[in-house]
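Numbering (the numbering used here), first residue to last: 11 to 267.
Below, the structure is given as structure tokens:
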């Protein structure tokens with residue numbers, strides 16, 4: 011998949027019962043847990059970034075005017091990028107993380123089977139909504155129903171993310187040793203590279219959008235020197251290219267008030 015973010019940017023899923031380990035029930039983690047958590051930072055950052063953009067994309071579409079062709083094209087690029095990141099996130103889980111969890115926590119196999127199946131369903135749903143966003147980016151008369159479609163999809167995805175965060179991540183802490191690379195940011199960047207997904211500049215800038223600077227520094231310390239060296243330029247380019255999508259700070263939230 012090519013890099014789309016920076017230029018040259020439904021039905022409810024069923025609720026899965028919590029599955030406890032041999033030592034007792036799984037304890038819940040807050041769904042809005044800060045992505046700066048050291049454990050499984052790559053997974054948590056993707057979750058936070060998906061929530062952030064699926065909240066502001068519908069409002070950005072609603073504000074699209076008939077003469078804003080460039081903004082419409084930028085919104086479509088950004089949506090396509092978000093979809094590509096979700097696909098790579100699912101690949102990281104299904105091919106690198108779930109097989110290990112299945113082996114060392116077999117009591118979670120039914121939950122993992124459901125999550126993997128829902129990954130495929132979500133990927134198909136995002137592909138279908140991409141067609142709608144493509145239409146809305148060129149025809150402002152259709153932006154409101156498309157915005158509602160994104161909000162419906164966001165609600166469905168939220169169910170999936172909460173199940174992972176509340177029922178799976180706590181158990182994964184006992185499966186993977188402290189300091190394990192699995193589920194981390196460097197592993198996610200490896201997946202993006204091997205899958206020909208969005209490049210490191212786009213992916214990192216998107217993941218770190220809104221993250222506190224001191225947390226960003228801690229996360230970059232886990233990446234290679236090249237990433238840390240180029241980070242200021244990547245961040246500045248991302249902010250310059252995405253600012254027109256969201257307007258003034260706080261403007262997109264005001265649409266819901």
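The C-beta atom is built at its ideal place from N, Cα and C for all residues, glycine as well.
Residue 91 - containing alpha helix (DSSP H), residue span: Taking the chain shown and counting its residues from 1, the one referred to as residue 91 is at position 81. Note, residue 91: alpha helix (DSSP H), 79–102.
So the alpha helix (DSSP H) residue 52 belongs to, where does it begin and stop? Within the chain shown, numbered from 1, the residue matching residue 52 stands at position 42. Residue 52 -> alpha helix (DSSP H) spans 51–72.
Candidates 248, 182 and 75: closest to residue 117 by CA position: Your numbering for residue 117 matches position 107 in the chain shown. The residue with the shortest Cα to Cα distance from residue 117 is 182.
With three or more beta-carbon pairs closer than 8 Å as the criterion, would you say the stretch 77–88 touches the stretch 145–155? yes
Does the stretch 106–126 touch the stretch 210–230, meaning 3 or more C-beta pairs lie closer than 8 Å? no
Using CA atoms only, rank isn't needed, just tell me which of 158, 73, 89 and 101 is closest to residue 193. Sequence index remark: in the chain shown, residue 193 carries index 183 (1-based). When each option's Cα is compared against that of residue 193, the closest is 101.
Relative to the C-alpha of residue 244, which candidate in 228, 174, 254 and 216 has its C-alpha closest? What you label residue 244 is simply residue 234 of the chain shown in a count that begins at 1. For the residues 228, 174, 254 and 216, the minimum Cα distance to residue 244 belongs to 216.
Judging by CA-CA distance, which residue of 56, 112, 201 and 139 is the nearest neighbour of residue 89? Taking the first residue of the chain shown as position 1, residue 89 is located at position 79. Cα-wise, what sits closest to residue 89 is 139.
Rounded straight-line distance, which links the Cα of residue 98 to that of residue 199: The residue given as residue 199 occupies position 189 in the chain shown. The residue given as residue 98 occupies position 88 in the chain shown. Taking the straight line joining both Cα atoms gives about 10 Å.
Work out the CA separation of residue 207 and residue 87 for me, nearest whole Å. The count along the chain shown starts at 1 and reaches residue 87 at position 77. The count along the chain shown starts at 1 and reaches residue 207 at position 197. About 14 Å.
Applying the criterion that 16 or more other CB atoms from any shown protein chain within 10 Å of the CB defines a buried residue, is residue 135 buried or exposed? The count along the chain shown starts at 1 and reaches residue 135 at position 125. Answer is buried; the Cβ neighbour count reaches 16.
Using C-beta distances below 6 Å, list every residue in its chain close to residue 68, excluding the 5 sequence neighbours before and after it, in chain order. Counted from its first residue, the chain shown places residue 68 at position 58. Excluding sequence neighbours, residue 68 sits near 157, 160 and 161.
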